[in-house]
Structures are given as C-alpha cells and as structure tokens.
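Okay, so here's the structure we're looking at.
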Ligand code: FES
Ligand code: FES
C-alpha cells in the first residue's frame, strides 16, 4: 500500500506492507533510529512518538494508519540546534542512565504537559505509567518533567530549588 506521511517536518511517500508497524517504518525505512523498540508486548513505551500531536506507542500502530498524518519523533524536537525544553530538563536533572527509555519518556512527557501544564508528582507518575525505565530512574524523570513544566510556564522550576542537592540526586534511585 502507498502511504504519504510527514515525519519530523519532511513528507515521505512509500509503499509499505499492510502489516508493517509504524516503528519499523520509522526505523528501517526512514532511518529514525532514535525511536527504539524495548519490548514485544506494547508495555515499555520506548517507541513512543506523536501522531498528529498525540503520543502513541508506534509498535502498536500500523504504518498504513499513519497515512496522511504528521509524525514527530525524538529526532524532530530540537529547533535550530536548541533542545526542546523537555529534552533540556532531562539533561539538567540527570533523568537518564542508559538512555534507552528516554526518547519515549520525553515524547510522552511532552504530551502530558500539553494536557496538564503544571502536573504535580502524582500526575507525572500517572502520566508516565505506560513508559518503563529499566534503570529505575523515575525520581529524576519526575523532577525533569516538573522542571520542564515550570520553565515552559516561565518559572524557575524544581531544578533551581535543589541547589546543593546534586549529590543526592546524582545517586539515581527511584
Ligand atoms: Fe513499543 Fe515497547 S516497543 S511499547
Ligand atoms: Fe535506562 Fe531508563 S535510563 S531504561
């Protein structure tokens, strides 16, 4: 089947197998290997991208279902060499260890913040419950999302409130 899809701002037209998953189309056809596969059970969220502005697990969507749509991957977030605020917040808050879950976490976090620009810790944890971190770095991930929320709304964010805590934060944990 022929599909036309805009991915990270570029339009592509390709013939795909009806059974091809969107994640495989992105990675294998378009080379968007920033979107990763972490499971075969639709549980981990590592493959999360935005489809017409909303997060989806791209291992659970067929490429043909993206026909006519806009897809944004982790590779399409930075602008003019500047990281997206959520990417920057993950960096600033040491919200990754191996980094495998990070693309999906960031894409899901952006969707979460679009729905709730000022989530408390519980809301962040609930919003990210479909994304698993095998390094169990959830504490810093939650901090990063709240930091991004504050900065995106013009505030200083929890990162600024934690001056002096860096040793404790850098130890990782849950
Ligand atoms: Fe898609 Fe795990 S690879 S949810
Ligand atoms: Fe390793 Fe999350 S940082 S899986």
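Residue numbers (full-length UniProt numbering): 1 to 174.
Idealized CB from N, CA, C, for every residue including glycine.
From the DSSP secondary-structure annotation, give me the bridge partner or partners of residue 56.
DSSP lists 49 as partners of residue 56.
Relative to the C-alpha of residue 43, which candidate in 133, 51, 24 has its C-alpha closest?
Measuring from the Cα of residue 43, the nearest candidate turns out to be 133.
DSSP beta-bridge partners of residue 11:
For residue 11, the beta-bridge partners assigned by DSSP are 6.
7 Å Cβ shell around residue 29 - same chain, five flanking residues per side excluded
Result list for residue 29: 14, in chain order.
Taking contact to mean 3 or more Cβ pairs, one atom from each stretch, closer than 8 Å, check whether the segment 111 to 126 and the segment 70 to 79 are in contact.
No, because fewer than three Cβ pairs between the segment 111 to 126 and the segment 70 to 79 fall closer than 8 Å, the two stretches do not touch.
Any heavy atom of ligand 1 inside 8 Å of the beta-carbon of residue 57?
Residue 57: yes, Cβ under 8 Å from ligand 1.
Contact between the segment 61 to 72 and the segment 128 to 145: three or more CB pairs below 8 Å?
No, the segment 61 to 72 does not touch the segment 128 to 145.
Between which two residues does the beta strand (DSSP E) holding residue 71 run?
70 to 72 is the extent of the beta strand (DSSP E) around residue 71.
Any heavy atom of ligand 2 closer than 8 Å to the CB of residue 137?
With a cut-off of 8 Å, the C-beta of residue 137 is classified as near ligand 2, since at least one heavy atom of the ligand falls inside that distance.
Return the chain-ordered ranges of every alpha helix (DSSP H) run that is complete within the segment 90 to 145 and spans a minimum of 4 residues.
Within the segment 90 to 145, the complete alpha helix (DSSP H) segments at least 4 residues long are 102 to 115, 121 to 127, listed from N- to C-terminus.
Counting beta carbon pairs with one atom in the segment 90 to 97 and one in the segment 131 to 150, are three or more of them shorter than 8 Å?
The segment 131 to 150 vs the segment 90 to 97: in contact.
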